[in-house]
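Before any comments, here is the structure.
Residue numbers (my numbering), protein chains in the order written: chain S, 1 to 243; chain A, 244 to 743.
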């Protein structure tokens, strides 16, 4: 079976982006995991057990607990944005899984709603960034780039759902083919090609940008350490013991 | 008095978030450390010729040694949650005192030398060469951070600017750019044994004076022992407690509590300092050396318990780091936590009914409590999280009839710094200190207006020194500032019930 140049280019791009993403994120995680925490520095009051500290980290990851204390409006935008993003990603698993599991099937409807909310949340975050003098001062190209990229990814996605409507079977064939090394031709719908390219850019950008906050938060010592210095002696790996 | 020289923020009782005023605090700089102190501490006396390479190399070393620094350099998304949380931003309006902007001073250099994007794209990836100008910015703004961790509380990733400030100061020290006040203090603590540089006999004579003073006031021979081998308790307290006002009043309080409990105790002339400025400048070895004197004192005096006086950052080092730095404390009685805060000790005695307290002795006061940052956000008292808020308040309630808390957004873990911690209790930056204390003063003003608060209780030596200094600028009496054990000292009824 012969493939068009377009298919070859997009297939290579997909693998390239996937490798950069996986390799990059794994590298980050390994560096974080390898770097020691010499001292006990949880921001207190902190849980006194490791299990409690795990719950604390999860409450940050799932509910953005500290941000809630910090700024309710940013929290609202952040939570809506991240949860919408997650649901949209889960909805997209249908391109990778065959047959589609029931739990993912049940997420398709809410996934579409999340897809509509996502660009609205991005616009809200952009608006906040550009209207408060303090966030204007701290924002840079990278901050606008990430938001804009995601806005266009969401926009092109919604265009395909509600306006363009390319043939979904072709898209699934192409993506599923990439995932299973059972290649098929890339759909030629231009909106799809833009959407797909932007997602690949996001993947490759992820490990080398502030987007590593996603794996990074799990390694934040002020959040993941238990407050138990009296009960268990914490040892600094690179400092000799005093006698 | 030259008080008029400074622009003192107006007290309204409200903490307003100011608009940005770029470079508003750019001219405020701590004095450079004298050559002697730099040399003593193993740093070059002035900027070395190859300072840039040395600085980058030190940065690389710290990134490998501290996960906090490495992760915090990478994961900030600039959400802005911290931008209105720093007392120095609120007080000076200088945008570089917003925690994220302060950290950016280090991050832009991190990107340039340690990230692919920064090496390739340069400015486009917000990366910047380490230049003299950048280093000067570091020196200015990393000495306008008290490492109070208030920003860290609100950060969705727990990014702790204190860790970033410590790293930046350590890098600067290494290439010969040190600040006088913190480094002199560290040097004195390492070589003499306390931050004030007081030799043992000088401490003994102030203790003698205090014994006479307490005897005169109460008629009871309360002892202030030093270097007593085999005493039950070794008390490690900030050296300011030996001579500064109002610190000495708390020392009298501790002594009376020990006396009344019938527990033998001692100070150490060798380890005559709880404070540990090594932490402020991020130097692990200095921190360990200062704490090491306490280990020596334990080995020499062989106490059963280790108790710690009223000091904020010192309690952080003691509670969170001592076990790592100088532990394990195998020679101490495992029945008691090591170290134990004097407030935990007193609170325990109160709960057991071992102290007789006459609240009316403090009837002149309407007391409020200032949570010190390192106690609030970097340590604990008691067995459950938040004990560091409850225990001092419980002691205050047991010693006086009128207590009122300040606004909930300014106390407990959300407490505002005094504006002089982290090695910033220096005279030359008094203008910064006056502005930095503004949020706290607004909160105090509010409870003054609403409840007539007139006694500002706290448990930190630096806070005590700072507040007694800046209160007058705001039109308040320095006598309103005092320790929690000052209230205990006034209320405790001596002699009535000896022993436990």
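Even glycine gets a Cβ: it sits at the ideal position worked out from N, Cα and C. The structure displayed is predicted, hence computed values, not measured ones.
Notebook entry, point to check: In chain order, what residues of the stretch 698-731 of chain A put their CB closer than 7 Å to some CB of chain B?
Noted result: Note that chain B does not occur in the displayed structure, where the protein chains are S and A.
Item checked: For residue 146 of chain S and residue 587 of chain A, the rounded distance between their alpha carbons -> 49 Å
Check: Taking C-beta to C-beta, are residue 353 of chain A and residue 316 of chain A nearer than 7 Å?
Finding: yes
Notebook entry, point to check: Taking the Cβ atom as the reference point for each residue, do residue 559 of chain A and residue 617 of chain A lie within a distance shorter than 7 Å?
Noted result: yes
Checklist line | Among A/320, A/435, A/581, A/619, nearest to residue 213 of chain S - alpha-carbon criterion | finding: A/320
Check: Measuring CB to CB, does residue 400 of chain A end up less than 7 Å from residue 217 of chain S?
Finding: yes
Item checked: Cα-Cα separation between residue 124 of chain S and residue 398 of chain A, rounded to whole angstroms -> 20 Å
Note to self: I need the boundaries of the alpha helix (DSSP H) containing residue 154 of chain S, first residue and last residue.
What the structure shows: 141-159
Check: Would you say residue 570 of chain A reaches chain S, if we count a Cβ-Cβ gap shorter than 7 Å as a contact?
Finding: yes
Checklist line | Where residue 610 of chain A falls: helix, strand or coil (DSSP) | finding: strand
Item checked: Assigned secondary structure, residue 5 of chain S (DSSP; H/G/I helix, E/B strand, else coil) -> helix
Check: First and last residue of the alpha helix (DSSP H) that includes residue 537 of chain A?
Finding: 527-544
Item checked: Neighbour-count burial assignment, residue 77 of chain S, 16 or more Cβ in a 10 Å radius -> buried
Next item on the list: Could you name the residues of the same chain whose beta carbon sits closer than 8 Å to that of residue 28 of chain S, not counting the 5 residues immediately before and after it, in chain order?
Entry: Closer than 8 Å at Cβ, skipping near neighbours: 207, 212, 215, 216.
Notebook entry, point to check: How big is the Cα-Cα spacing for residue 591 of chain A and residue 341 of chain A?
Noted result: 40 Å
Next item on the list: Would you identify the three-state DSSP class for residue 240 of chain S, choosing helix, strand or coil?
Entry: coil
Note to self: Between residue 143 of chain S and chain A, is any beta-carbon pair separated by less than 7 Å?
What the structure shows: yes
Next item on the list: Return helix, strand or coil for residue 646 of chain A, following the three-state DSSP convention.
Entry: In the displayed model, residue 646 of chain A falls within a strand according to three-state DSSP.
Next item on the list: Could you please tell me which residues of the stretch 383-397 of chain A, in chain order, have their CB closer than 7 Å to any CB of chain S?
Entry: Those would be 392, 395, 396, 397, in chain order.
Check: With a Cβ-Cβ cutoff of 7 Å, do residue 612 of chain A and residue 330 of chain A count as a contact?
Finding: No, the pair does not count as a contact, with Cβ atoms beyond the cut-off.
Margin query: Measuring CB atoms only, is the stretch 198-206 of chain S touching the stretch 13-29 of chain S, in the sense that at least three cross pairs come out at less than 8 Å?
Written below: Yes, since at least three Cβ pairs between the stretch 198-206 of chain S and the stretch 13-29 of chain S fall closer than 8 Å, the two stretches touch.
Note to self: Determine, for residue 743 of chain A, whether the minimum Cβ-Cβ distance to residues of chain S falls below 7 Å.
What the structure shows: In this prediction, residue 743 of chain A scores a pLDDT of 46, lower than 50, which makes its location untrustworthy; no coordinate-derived value is stated.
Next item on the list: Check the C-beta distance from residue 74 of chain S over to residue 324 of chain A and give it rounded, since I have them as a contact under 8 Å.
Entry: 6 Å
Note to self: List, in chain order, every chain S residue whose beta-carbon is nearer than 7 Å to that of residue 321 of chain A.
What the structure shows: 138, 139, 143
Check: What separation, rounded to the nearest whole angstrom, lies between the Cα atoms of residue 723 of chain A and residue 699 of chain A?
Finding: 6 Å
Item checked: Proximity test, Cβ basis, 7 Å: residue 170 of chain S and chain A -> no
Note to self: Let's see if you can read the secondary structure: which residues bound the alpha helix (DSSP H) around residue 724 of chain A?
What the structure shows: Run containing residue 724 of chain A: none in the alpha helix (DSSP H); it sits in the beta strand (DSSP E), 724-726.
Check: Helix, strand or coil for residue 281 of chain A per DSSP?
Finding: helix
Next item on the list: Quick one: give me the first and last residue of the alpha helix (DSSP H) that residue 84 of chain S is part of.
Entry: Counted as a single uninterrupted DSSP element, the alpha helix (DSSP H) harbouring residue 84 of chain S occupies residues 72-92.
Margin query: I'd like to know if residue 161 of chain S contacts chain A, where contact means its C-beta is closer than 7 Å to some C-beta of that chain.
Written below: no
Margin query: Would you say the beta carbon of residue 556 of chain A is closer than 6 Å to some non-hydrogen atom of the ligand MN?
Written below: This structure does not include the ligand MN; it has no bound ligands of any sort.
Check: Using 8 Å as the threshold, is the stretch 628-640 of chain A in touch with the stretch 660-670 of chain A, meaning 3 or more CB pairs across them?
Finding: no
Checklist line | CB-CB length for residue 615 of chain A against residue 494 of chain A, believed under 8 Å | finding: The pair is not a contact, with the Cβ atoms about 17 Å apart (cut-off 8 Å).
Check: At a cut of 8 Å, does the stretch 451-470 of chain A reach the stretch 673-692 of chain A through at least three beta carbon pairs?
Finding: No: fewer than three Cβ pairs fall under 8 Å.
Item checked: Outcome for residue 232 of chain S when other beta-carbon atoms lying within 10 angstroms are tallied against a minimum of 16 -> exposed
Check: According to DSSP, what are the bridge partners of residue 477 of chain A?
Finding: Residue 477 of chain A pairs with A/509, A/549.
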